[in-house]
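S.K.: Protein chains in written order, with the working numbering: chain A, 90 to 405; chain B, 56 to 411.
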Amino acid sequence: MVNAVMVRGAAIEVGSLVKKYGNLAAVDGISFTVNRGEVFAFVGPNGAGKTTTVEILVCLRRSTDGEAKVLGFDISDKRGQLQIRKRVGVLPQDFNTFDLLTVRENLSYYRKMYDKGTDIGRLIALVGLKDKANVLYKNLSGGLKKRLAIAIALVNDPEVVFLDEPTTGLDPKARRDMWDLIEGLKEQGKTVFLTTHYMDEAEILADTVAIINSGKIIAMGTPSELISKHGGKTTLIVEEGGSSVHELLSKILPEVRLENDGDVLAVLKKKSDLPEAILALSKKKEEFAELIVRRPTMEDVFLNLTGRKIVEGELH
Amino acid sequence: MWFRSKHTIFWTLAFPILLMLLFGAIFSVSQNPSFNLHVQNRDLANGEPTQLSKSLYDTMNGTGILNLQLVDSEENTTQYIEENGIQRMLIIPQGFHNSCLTNNASIILKLVPPEVDTASATVKRVVEQMVEIFNIAVTEQNPLKAVTIEDQSIISESYSFIDFFVPGLIGMTLMTSGIFGAIGWNTRNRELGILKKLATTPLSKLEWIIGVVLYEFVMGAISTVIILGIGVLVFNLKVMPNIYSLILIISGAVAFPGIGMVIAHFVKESDSADAAGNAITFPMMFLSGTFFPLEFMPDFLQQIAKFLPLTYLSNGLRDSMVYGNVQSALFNTAVMLGVAAFFIALGALITNWREE
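#1: Which of the three DSSP states, helix, strand or coil, is assigned to I399(A)?
#2: Over what stretch of residues does the alpha helix (DSSP H) that includes Y112(B) continue unbroken?
#3: Could you tell me the boundaries of the beta strand (DSSP E) in which R97(B) lies?
#4: State the Cα-Cα distance for the pair G371(B) and V181(B), rounded to the nearest angstrom.
#5: In three-state terms, what does DSSP make of N380(B)?
#6: Applying the 10 Å Cβ sphere with the 16-neighbour rule, what's the burial state of N302(A)?
#7: So, are the CB atoms of L164(B) and M144(B) less than 9 Å apart?
#8: Does any C-beta atom of chain B lie closer than 9 Å to the C-beta of R65(A)?
#9: Return the residue from the list L250(B), M230(B), N291(B) that minimises the CA-CA distance to I452(B).
#10: Going by DSSP, what residue range makes up the alpha helix (DSSP H) through R243(B)?
#11: For V353(A), which of L368(A), E336(A), A369(A), A115(A) has the nearest alpha-carbon?
#12: Would you kindly work out how many angstroms separate the C-alpha atoms of T284(A) and V147(A), rounded to a whole number?
#13: By DSSP, does M90(A) sit in helix, in strand, or in coil?
#14: Do T311(A) and E290(A) have their CB atoms nearer than 9 Å?
#15: Does the distance from the C-beta atom of T297(A) to that of P385(A) stay below 9 Å?
#16: Which residues in chain B sit within 7 Å of F184(A), going by Cβ to Cβ distance?
#17: So, is the C-beta of I241(A) closer than 9 Å to a C-beta in chain B?
#18: What number of angstroms, rounded off, separates the C-alpha of R211(A) from the C-alpha of I306(A)?
#19: For the beta strand (DSSP E) that S105(A) lies in, which residues bound it at each end?
#20: Whole angstroms are fine: how far does the CA of K61(B) sit from the CA of L283(B)?
#21: Counting only C-beta atoms, is M202(A) closer than 9 Å to chain B at any point?
#22: Where do the N-terminal and C-terminal ends of the beta strand (DSSP E) with E156(A) fall, by residue?
#23: Write down the C-beta distance between C155(B) and V202(B) rounded to the nearest angstrom, noting that I regard them as a contact closer than 8 Å.
#24: Can you tell me which of A242(A), P261(A), M288(A), G258(A) puts its alpha carbon nearest to the alpha carbon of T280(A)?
#25: Would you decide whether Y110(A) is buried or exposed? Buried here means 16 or more other CB atoms lie within 10 Å of its CB.
#26: Let me know the beta strand (DSSP E) ranges lying completely inside the segment 325 to 366 of chain A, each 3 residues or longer, listed in chain order.
#27: Would you mind reading off the limits of the beta strand (DSSP E) that contains S120(A)?
#28: In the DSSP assignment, the beta strand (DSSP E) including T280(A) goes from what residue to what residue?
#29: Please tell me whether E411(B) has its Cβ less than 9 Å away from any Cβ of chain A.
#30: Please report whether the beta-carbon of L258(B) lies at a distance below 9 Å from any beta-carbon of chain A.
#31: In whole angstroms, what is the alpha-carbon distance linking N91(B) and F151(B)?
#32: In whole angstroms, what separates the C-alpha of P348(B) from that of G239(B)?
#33: Just to check my reading of the structure: V107(A) and S165(A) have Cβ atoms closer than 8 Å, yes? What is that Cβ distance to the nearest angstrom?
#34: Where does the unbroken beta strand (DSSP E) through F131(A) begin, and where does it stop?
#35: Would you mind telling me which residues of chain B sit closer than 8 Å to V132(A), beta carbon to beta carbon, in chain order?
#36: Quick one: is P181(A) near chain B, going by C-beta distance under 9 Å?
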């Protein structure tokens, strides 16, 4: 489906962007392009520079150096900034709105700031707040507050939507609902700039992922590109296979490891590795609990690139 | 925790320091206060004051407490008082000199009722004492009273204390609700991150400031109606705002939130919002003549009062509501509107939504 408003060209172009606080570079010379209609995920631990980048792109902060254009408008130009603010929707990380206004009242408050926009009733339905339309903001649960935040970010029918950590602090159910919403945005043809510290989220939602660490982009590409490049190989796990399975598979496959709990891990390097291994196991009638084929994930990508893991946003 | 926030420290310290300096200055007046008294001497002979009328004038002038201002003998006093917003006037009638000699002279003292105005009460006492001294001098220890004082109220209505108090109260309420309201609203929304979200929309700073000012204006209007309502229902209030004082109330209800928006720029945490509001409003409350007549204060405080917006709002409201002085109302309205425009523009200029 081609949207008539959509024009060719990038939604966001960033070149050598730098943001310094004193001597500390929160953003250290990053460059990337976000195509129209794609979901672009900015992934990294807390303090990596994700929010700073978003705040520079939506003209909340001034950059120290480098350049950036959003929808073709220069972020350093005053008139460009107004055009950007008219055309983008923002869900700030620490979003809040008026406590004593209802869902509907909050939406119409923000709707009035724009010349054109989306019908409020439709927005309420879109984010699934129909039953809560007349509930005060302060009485909403965390997940519902985030949904209203998304609705407010969409109130001007924006071309680009910035979502700064939309799922942080949500329970698993609310997180999945949020994923559905974001996928819906993509179907509507909107460009989504998403930041997150959840690797699985980026893998599921994003067309393009940029991994940011200490203000620098350390890898960028589609999730499958990144995984095949940095994620390592697929592994066959023979649970509770023990030393006999270890011995058997070592003859066929080049990299086999016996874990302390008896699991045997074999790295699958060629396409034929998996059928051969299974054939050997069934021929010898080896005993084991379960066979698992584990593909590498974005988490492996990050681990391989940085040697560290992200747990709840923090580096470990 | 408290000492780690520079803003909170500043505003918390500013309040007691200002308050202490203020009251110290008010109550440690070393020189005697002086009070204006307009004098019209109608007892002229060949264009010169008669001997005894001049002598009475000199006696009054010798106290150092009364600051006499001579009014031309041709002036219509009623008109003069109204046009110039005069609160106290002494009239020496024609034929005073001759009447003195026959022990039946009288002078007219026009005052705001002393029961409602401490300055008037003081002036009245001083005039009475001076007349007694004058009597003794004129009659050479004759116990007869040569001169008597005829009291006249400067206002036609029979107003009571509440009528004089209410205009000041309205001014004070507009100030406190405007300043506290604007500071509180702004700091709370900044802390909650709502200002940040608003900064990502096309809403401009000026629109936001005008929005807050209008909101506080409505609050101020409601307070004014409540004050007047309770005044009428419970205390038999007689003064009512005329069209001029209404304009003045509106200008005040817009000016003070404007000031609040500028102060809000310097208040970063909601912890210090109240301290900042107090530090700004308390000195204004006491220096504007709402509680103590300005004449009781040392000169330098009277000078400071000239720079406080509340002085103009209170004076204008009292002059228009109690004395029906239109000119004063218009002048003070102009000052308040100027203050409003200045602070709203300044607020729009210095308010910083985008962070560095």
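The C-beta atom is built at its ideal place from N, Cα and C for all residues, glycine as well.
M.R.: Reading it off the structure:
#1: I399(A) carries a strand assignment under DSSP once its states are collapsed to helix, strand and coil.
#2: It spans 106 to 116 - the alpha helix (DSSP H) in which Y112(B) sits, taken as one unbroken run.
#3: R97(B) -> no beta strand (DSSP E), and no H or E assigned at all.
#4: Pairing G371(B) with V181(B), the inter-Cα distance amounts to about 28 Å.
#5: Here DSSP, grouped into helix, strand and coil, assigns N380(B) to coil.
#6: Sixteen is the threshold: when 16 or more other Cβ atoms of the shown chains lie within 10 Å of the Cβ of N302(A), as they do, the residue is buried.
#7: Contact: yes.
#8: In this structure chain A extends from 90 to 405, so residue 65(A) is not present and cannot be described.
#9: With chain B running from 56 to 411 in the structure shown, residue 452(B) is simply not present.
#10: Run containing R243(B): 216 to 247, per the alpha helix (DSSP H) assignment.
#11: Proximity to V353(A) across L368(A), E336(A), A369(A), A115(A) peaks at E336(A), based on C-alpha coordinates.
#12: Distance between the alpha carbons of T284(A) and V147(A) is about 14 Å.
#13: At M90(A), the pLDDT of 40 sits below 50, so the modelled position is not reliable; the number obtained from the coordinates is stated separately. In this structure, M90(A) counts as coil in the three-state DSSP scheme.
#14: Their beta carbons are not under 9 Å apart, which means T311(A) does not touch E290(A) by this criterion.
#15: No, the Cβ-Cβ distance between T297(A) and P385(A) is not below 9 Å.
#16: Here the neighbours are G248, K252.
#17: I241(A) counts as touching chain B.
#18: Straight-line measurement puts the Cα of I306(A) at about 38 Å from the Cα of R211(A).
#19: Boundaries of the beta strand (DSSP E) around S105(A): 99 to 110.
#20: Between L283(B) and K61(B), the C-alpha separation is close to 41 Å.
#21: Residue contact check for M202(A) against chain B: a CB pair falls below 9 Å.
#22: For E156(A), the enclosing beta strand (DSSP E) stretches over residues 154 to 159.
#23: Taking 8 Å as the upper bound for CB-CB distance, C155(B) and V202(B) are in contact here, some 6 Å apart.
#24: Of the listed residues, the one whose Cα sits closest to T280(A) is A242(A).
#25: Its Cβ having fewer than 16 others within 10 Å, Y110(A) is exposed.
#26: Within the segment 325 to 366 of chain A, complete beta strand (DSSP E) segments of at least 3 residues are found at 345 to 347, 353 to 357, given in chain order.
#27: Start and end: 113 to 124.
#28: Bounds of the beta strand (DSSP E) holding T280(A) are 280 to 285.
#29: In this predicted model, E411(B) has a pLDDT of only 48, less than 50, meaning its place in the structure is not dependable; the value taken from the coordinates is given anyway. Yes, because at least one Cβ of chain A sits closer than 9 Å to the Cβ of E411(B).
#30: With its beta carbon less than 9 Å from one in chain A, L258(B) belongs to the interface.
#31: Cα to Cα, N91(B) sits roughly 23 Å from F151(B).
#32: If I take the Cα positions, the gap works out to 31 Å.
#33: V107(A) to S165(A), Cβ: 13 Å. No contact.
#34: Unbroken beta strand (DSSP E) run through F131(A): 128 to 132.
#35: The contacting residues do not exist; V132(A) stays about 22 Å from chain B at best.
#36: P181(A) counts as touching chain B.
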